[in-house]
Amino acid sequence: MAQPTYLNLATLARIRNLQLLAKTVVEGFIQGLHKSPFHGSSVEFSEHRPYAAGDEIKRIDWKLYAKVDRYYVKQYEAETNLVCNILLDASASMAYQSDPKGLSKLQYGSFLAACLAHFMIGQRDATGLTTFDSEIRSVIPPKLSPTHLRRILSELENTKPGSQTQVAGAMNKLADTMKRKGLVVLISDLIDDVDAIKSALRRFRFQGHDIIIFHVMDNAELTFPFDRMMQVQDLESGQQTLVAPQSMRETYMQQLKQFLHDVEKAAGDVKADYKLFDTNTPLEIALSEYMYKRSQLG
Amino acid sequence: MISFHHPYLLLAIAAAVLPLLIYFFTRDRVLIVPFSTLRFFAGTSAKLVRRKKWLETLLLALRMLLIVLVAFAFARPFLQKKAAAGADGKTKLDDAVVLLVDISQSMSRPGAWKQAMDKAEAAIGSATVSLVAFDQSPQVVSTWADADTTRAKLRTLEPQATGTDLIAALRKADELLTDVAAENKRVVLVSDLQRVGLPPTAATFKLSAGVVLQIEPVTADAPSKVAIVEANLPQNVVADNNAQSITLRLANFTAEPLKDVTVDLALANQPVQTQTLTLPPNQKLTAAFRAVLKNSGDHAGTLTLKTPDGTSKVYLNPFVLPRIGVTILTNSEDVTRPGSSAFFLSKAIDPGDGSPFEVKVLNGSGPVDLKDTSVLIIADLANVSPSLKQQIADFHKSGGGVLLLPGTRTDPAKFTADFGSIAPAQLRRIIKASDTRKGGTKAIITKVELDHAILSVFQRPHSGDFSAVGFTQYWEVTDSQLSRVPLRLDDGRPFMLEKGAEKAGSVVLLVSPPDMTWNNLPQRAIYLPLLHQTLRYLAVRSETPTTYQIGEVLSIPPGHKLRDPAGQSHSGGSLIASQTGHYVLLSSDDKPVINYAVNTPLNESDAATIPVEELKAAVVHPQTNAASTGGNMVAAGAGARELWSLIIATALVLVVTELFVSNRVPRH
Chain A
2 MAQPTYLNLA TLARIRNLQL LAKTVVEGFI QGLHKSPFHG SSVEFSEHRP YAAGDEIKRI
62 DWKLYAKVDR YYVKQYEAET NLVCNILLDA SASMAYQSDP KGLSKLQYGS FLAACLAHFM
122 IGQRDATGLT TFDSEIRSVI PPKLSPTHLR RILSELENTK PGSQTQVAGA MNKLADTMKR
182 KGLVVLISDL IDDVDAIKSA LRRFRFQGHD IIIFHVMDNA ELTFPFDRMM QVQDLESGQQ
242 TLVAPQSMRE TYMQQLKQFL HDVEKAAGDV KADYKLFDTN TPLEIALSEY MYKRSQLG
Chain B
476 MISFHHPYLL LAIAAAVLPL LIYFFTRDRV LIVPFSTLRF FAGTSAKLVR RKKWLETLLL
536 ALRMLLIVLV AFAFARPFLQ KKAAAGADGK TKLDDAVVLL VDISQSMSRP GAWKQAMDKA
596 EAAIGSATVS LVAFDQSPQV VSTWADADTT RAKLRTLEPQ ATGTDLIAAL RKADELLTDV
656 AAENKRVVLV SDLQRVGLPP TAATFKLSAG VVLQIEPVTA DAPSKVAIVE ANLPQNVVAD
716 NNAQSITLRL ANFTAEPLKD VTVDLALANQ PVQTQTLTLP PNQKLTAAFR AVLKNSGDHA
776 GTLTLKTPDG TSKVYLNPFV LPRIGVTILT NSEDVTRPGS SAFFLSKAID PGDGSPFEVK
836 VLNGSGPVDL KDTSVLIIAD LANVSPSLKQ QIADFHKSGG GVLLLPGTRT DPAKFTADFG
896 SIAPAQLRRI IKASDTRKGG TKAIITKVEL DHAILSVFQR PHSGDFSAVG FTQYWEVTDS
956 QLSRVPLRLD DGRPFMLEKG AEKAGSVVLL VSPPDMTWNN LPQRAIYLPL LHQTLRYLAV
1016 RSETPTTYQI GEVLSIPPGH KLRDPAGQSH SGGSLIASQT GHYVLLSSDD KPVINYAVNT
1076 PLNESDAATI PVEELKAAVV HPQTNAASTG GNMVAAGAGA RELWSLIIAT ALVLVVTELF
1136 VSNRVPRH
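Protein chains in written order, with this note's numbering: chain A, 2 to 299; chain B, 476 to 1143.
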């Protein structure tokens, strides 16, 4: 089986140096580094793992010891203490890619989602993936097994840009299905009505979810480096307009600044963590910065 | 109506599509750039794009118009309109052209006239022209007519046996142009440009400022080799024993010396003298003849020039007049006294054998013989006997002229008693300049009535300096109201008074006689001509010219007839001389009275020409731009240049506008 292209070992090595500390204590079952108010174990067998020092003796599978003459401990589904849902925007606007040699916003978001999933599952956090545009396109419920990671990565590989973005609508539908409290990671360019997004985020927050927003923008969207007359085509609607960059730049930058300000303010209002990523920013740096910040929040 | 000097250059207007092509080939290719959203592009861009498109269209139009204008300018357009009357009554034209065509005799030389017609036709072009034919005087043939009419009039012209006066023609052209309101005024001169056509007055004439002179020189196919170009032909001479001088000026127009050129002089049908000459190349030679003319009356004759190429004749008629009898009456002691009035008078009136006067100086105390006297001069006569007084009165009544010269011996009361009835004024007293003037300065003549017949010869400039005469004393006169005063002194008192009477002679009074104790008149240059003219006037001597030129008027007195050289008789007051030869004035009984010799203007034979540039320098106003000497007058119109300049100026404005607009066009 071919190695998934999204997993970059160097990137993962950088991330492993940081410890993800959940901002709030969520319910769940997990052993290890995470603090948890819950005790006991899950009833749904997931897999065996080699016995390690510190494991309870009672959790050794004696039947398997009799067969292979080695100590294995049974692993159950409920052994996570964090349910993480990664929401990846796969709308047409995410296909924008100013540098042919670089990454599109969707590719960048997918990389980011893969890293997060790998990292979280490695931390024994149940991780799920949902892709959406104007509708919810695919839902992979949070699970902890390594095969689940491969399923997430496979889904990410197969995700193609879809139609128009309706972040708020899709999030509202997702909120209805996510019963357990956990972490919601939204990876999107957020090109939608900011008030509607804010309303949807508030709903997640009301349900007790912790929210992280990875706002992915192309470098060209942030700097508007164009200098020749061009016919700009909206990737979502297909609508075109003639643009004179020199005279338009000031207006564009003002409106962009206002948009970013509105988005950040909306995130602050719902106590969501907000991070703006530039597709030119090295992925590991972006993740490291966020993880560090997250850890500071404790 | 717009016409073009170089219409083929209008093809360059097609180049106006170049900016269009360049625009379509180099305009910004608008790339279609996919972008995540249009939400940040508020409507300003569309507005800007609309403005850019508008400016680009304007810029394109400016550039195309610029090329059209430049092509238009290089085609050199000009406006040509029909004549129209303006509000000020002046004819209004864009280009006013006067065509001067030389019809003098010299234009009849072989090939010259056809060449002149061709050049004149070409010069007319399609312009509105005033046609003036000129020889010695200009004749307006048509004014501001269209080209066809002018051509038709031009064909009616033919050379005349007359002279040339270029200045008179140019003056007329200038007058015609003055009467029109036109931006561009032009005179086209078609002539052989004879140098003799520039009279002495040429130096004072200039065309008006702005009038351009275009000269179309004409040359004869076979110019004459030799000709009589000038002649000094005596007309009225006084009979005496001295030989009269008749001179000719012959010109050799070739580069080779001409030998065996003979000139024969014949007078009264008798050969007088023959001269054989060798004429140096390109030079003139004077031939002088002398003939003694003793008999009164006509001496009709010819001067015949004989060359290997042919002969030519000059007609002449020296008319011999009898002398004017002048009697000077003075005191016995002054008859021979040097310095007296009688002395200076006799010397001035009869300087030699050639004098037209015959003078007698008599003691005026008693009766005198006035039989052959035409003018009586009474010079400071102290005593006049009653018989002499009566004799003088009778002489005056019979038409004799009297010159009164009162002097020191003259008593005013006796003067009044003796000559009061005929004198122009009465004497009052002698005024001495030393008594009435500071520093004893002399009185001078300051007012000269040049219209008077005595003084008309002094009308020409530098022909008499009356102020050079200084008077130390002179008579004050009274009762001069009925007299004419041709000359006055600087204090306003008369110096010369003249009084005429019906059916009687004229009387002239000089208040200061030609005496060195009275004035220095006898030592001044004007003395002789003034005295001679006065005597001629008093003698009522009218000298009839006997030599004329073609075109001049010959008078025919009532009861007389004039027989032309062809033998045909004419009557009726006058006749315009149209043939060369001798016209004979016949009395009522067909007896010859006088011959009139008629010639063509001799200087018309002078083939010397004026260079075009010299003529222009002489007559064109310094403020007028230099004119072209050839080419169609329409094509050379100054108006075309101005229109060209206007278009170029407009193009420059467009260039500036284009630069301004192009800087305003958003680049991106």
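The beta carbon of each residue, even a glycine, is placed where N, CA and C say it ideally should be.
If you count every other CB in all the chains shown that lies within 10 Å of the CB of B:G1034, and 16 or more means buried, which is it?
Within the second sequence, residue 1034 of chain B is the residue found at index 559, counting from 1. Exposed is the call here.
Could you tell me which chain B residues have their CB closer than 9 Å to the CB of A:L257, listed as they occur along the chain?
Residue numbering aside, residue 257 of chain A sits at position 256 when the first sequence is read from its first letter. Result: F515.
Kindly give me the distance between the Cβ atoms of B:V836 and B:I803, rounded to whole angstroms, as I take these residues to be in contact under 8 Å.
As a position in the second sequence, residue 836 of chain B is number 361, starting the count at 1. As a position in the second sequence, residue 803 of chain B is number 328, starting the count at 1. Between B:I803 and B:V836 the Cβ distance is about 5 Å, and since that is below 8 Å, they are a contact.
Tell me which residues of the stretch 214 to 245 of chain A have at least one Cβ-Cβ distance to chain B shorter than 9 Å, keeping chain order.
Here the close residues are M218, D219, A221, E222, F225, F227, D228, R229, M230, M231, Q232, V233, Q234, D235, L236, E237, S238, Q240, Q241, T242, L243, V244, A245.
Output, in sequence order along the chain, the residues in the stretch 189 to 207 of chain A whose CB is closer than 7 Å to any CB in chain B.
Correct list: D190, I192.
What separation, rounded to the nearest whole angstrom, lies between the Cα atoms of A:K294 and A:T132?
The count along the first sequence starts at 1 and reaches residue 294 of chain A at position 293. The count along the first sequence starts at 1 and reaches residue 132 of chain A at position 131. Note that A:K294 scores 48 on pLDDT, short of 50, meaning its location in the model is unreliable and no value can be drawn from it.
Rounded to the nearest angstrom, what separates B:D893 and B:R959 at their Cα positions?
For the purposes of this step, residue 893 of chain B is identified with residue 418 of the second sequence, where counting begins at 1. For the purposes of this step, residue 959 of chain B is identified with residue 484 of the second sequence, where counting begins at 1. C-alpha separation (whole angstroms): 21 Å.
So, is B:V687 buried or exposed, given that buried needs 16 or more other C-beta atoms within 10 angstroms?
Here residue 687 of chain B refers to the residue found at position 212 when the second sequence is read from its first residue. It is buried - the Cβ of B:V687 has at least 16 other Cβ atoms within 10 Å.
Are the CB atoms of B:S849 and B:G800 within a distance shorter than 7 Å?
Position 325 of the second sequence, counting from 1, holds the residue named residue 800 of chain B. Position 374 of the second sequence, counting from 1, holds the residue named residue 849 of chain B. Yes, Cβ-Cβ distance for B:G800 and B:S849 is below 7 Å.
Using the beta-carbon of each residue, which ones in chain B are nearer than 9 Å to A:Y109?
On the first sequence, position 108 is the one that residue 109 of chain A refers to. Those do not exist, as A:Y109 stays about 13 Å from chain B at its closest Cβ, beyond 9 Å.
Could you tell me the distance, in whole angstroms, from the CA atom of A:Q241 to the CA atom of A:Y97?
Stepping through the first sequence from its first residue, residue 241 of chain A is reached at position 240. Stepping through the first sequence from its first residue, residue 97 of chain A is reached at position 96. Each residue's Cα considered, the two are about 15 Å apart.
The alpha helix (DSSP H) with A:M254 in it runs from where to where?
Against the first sequence, residue 254 of chain A aligns to sequence position 253. Taken as a continuous stretch (DSSP letters only), the alpha helix (DSSP H) holding A:M254 covers 246 to 270.
Can you give me the start and stop residues for the beta strand (DSSP E) that B:A900 sits inside?
Against the second sequence, residue 900 of chain B aligns to sequence position 425. Element bounds for B:A900: n/a, residue is neither H nor E.
Report yes or no: do three or more beta-carbon pairs, one from the stretch 1062 to 1069 of chain B and one from the stretch 701 to 714 of chain B, lie closer than 8 Å?
No, they do not touch.
Report yes or no: is there a C-beta of chain A within less than 7 Å of the C-beta of B:V1136?
Residue 1136 of chain B sits at position 661 when you count from the first residue of the second sequence. Not closer than 7 Å to any Cβ of chain A, the Cβ of B:V1136 fails to qualify, so no.
Quick check on this structure: which residue in B:P1032, B:F870, B:G1047 has the alpha carbon closest to the alpha carbon of B:V982?
On the second sequence, residue 982 of chain B is found 507 positions in, with the first residue counted as 1. Here the closest residue by C-alpha is B:F870.
Specify whether the stretch 643 to 662 of chain B and the stretch 570 to 579 of chain B touch according to this definition: at least 3 beta carbon pairs, one from each stretch, less than 8 Å apart.
In short, these stretches touch, since the Cβ pair count reaches three.
Helix or strand or just coil, what does DSSP make of A:H216?
Walking along the first sequence from the start, residue 216 of chain A turns up at place 215. Reduced to three states, the DSSP call for A:H216 is strand.
Compare the C-alpha of B:S1030 against each of B:S1049, B:K681, B:K788, B:A730 and name the closest.
For the purposes of this step, residue 1030 of chain B is taken as the residue at position 555 of the second sequence. With distances taken between Cα atoms, B:S1030 lies closest to B:S1049.
What three-state label does DSSP hand B:N1078 in the structure shown?
Looking up residue 1078 of chain B in the second sequence gives position 603. Helix, per DSSP.
Compare the C-beta of A:D279 with all C-beta atoms of chain B and state if any pair is closer than 7 Å.
Numbered from its first residue, the first sequence carries residue 279 of chain A at position 278. So no, A:D279 is outside the interface.
Can you tell me which of the three DSSP states B:F515 falls into?
Reading the second sequence from its first residue, position 40 is the one you call residue 515 of chain B. Three-state result, B:F515: coil.
Would you list, in chain order, the members of the stretch 480 to 510 of chain B that have their beta-carbon closer than 8 Å to a beta-carbon of chain A?
Listed by position, the residues of the stretch 480 to 510 of chain B near chain A (Cβ gap below 8 Å) are D503, V505, L506, I507, V508, P509, F510.
Below 6 Å CB to CB, which residues in the same chain sit around B:S909 once its five sequence neighbours on both sides are set aside?
Within the second sequence, residue 909 of chain B is the residue found at index 434, counting from 1. Here the set comprises G915.
Below 7 Å on C-beta distance, what does B:V524 contact in chain A?
Taking the first residue of the second sequence as 1, we reach residue 524 of chain B at position 49. Near B:V524 (Cβ distances below 7 Å), the residues of chain A are L243, A245.
Within its chain, find whatever has a CB closer than 8 Å to the CB of B:S821; leave out the 5 residues flanking it on each side and keep chain order.
Walking along the second sequence from the start, residue 821 of chain B turns up at place 346. I803, V834, V836, listed in sequence order.
Going by DSSP, what residue range makes up the beta strand (DSSP E) through B:H1057?
Here residue 1057 of chain B refers to the residue found at position 582 when the second sequence is read from its first residue. Taken as a continuous stretch (DSSP letters only), the beta strand (DSSP E) holding B:H1057 covers 1056 to 1061.
Please compile the residues from chain B whose C-beta is within a distance smaller than 8 Å of the C-beta of A:S94.
In the first sequence, counting from the first residue as 1, residue 94 of chain A sits at position 93. Per Cβ cutoff of 8 Å: S511, T512.
From the beta carbon of A:S248, is the nearest beta carbon of chain B less than 7 Å away?
Against the first sequence, residue 248 of chain A aligns to sequence position 247. For A:S248, the answer is yes, since a Cβ of chain B falls inside 7 Å of its Cβ.
Can you have a look at B:Y949 and say buried or exposed, based on whether 16 or more other CB atoms are within 10 angstroms of its CB?
On the second sequence, position 474 is the one that residue 949 of chain B refers to. Counting Cβ neighbours within 10 Å, B:Y949 comes out buried, since at least 16 surround it.
Run through DSSP, which three-state label would B:H1178 get?
Within the shown structure, residues of chain B are numbered from 476 to 1143, placing residue 1178 of chain B beyond reach of any answer.
Since A:G129 is in the beta strand (DSSP E), which residue starts that stretch and which ends it?
In the first sequence, counting from the first residue as 1, residue 129 of chain A sits at position 128. Per DSSP, A:G129 belongs to the beta strand (DSSP E) from 127 to 133.
Check whether the Cβ of A:Y253 lies closer than 7 Å to any Cβ atom in chain B.
In the first sequence, counting from the first residue as 1, residue 253 of chain A sits at position 252. At least one chain B Cβ lies under 7 Å of A:Y253.
My assumption, with CB atoms under 8 Å, is that A:D219 sits in contact with A:S99. Please give the rounded CB distance.
The residue you call residue 219 of chain A lines up with position 218 of the first sequence. The residue you call residue 99 of chain A lines up with position 98 of the first sequence. Contact flag correct, Cβ pair sits at about 5 Å.
B:K660 touches chain A at which residues, Cβ-Cβ below 9 Å?
By 1-based counting over the second sequence, the position of residue 660 of chain B is 185. Simply none; closest approach about 58 Å.
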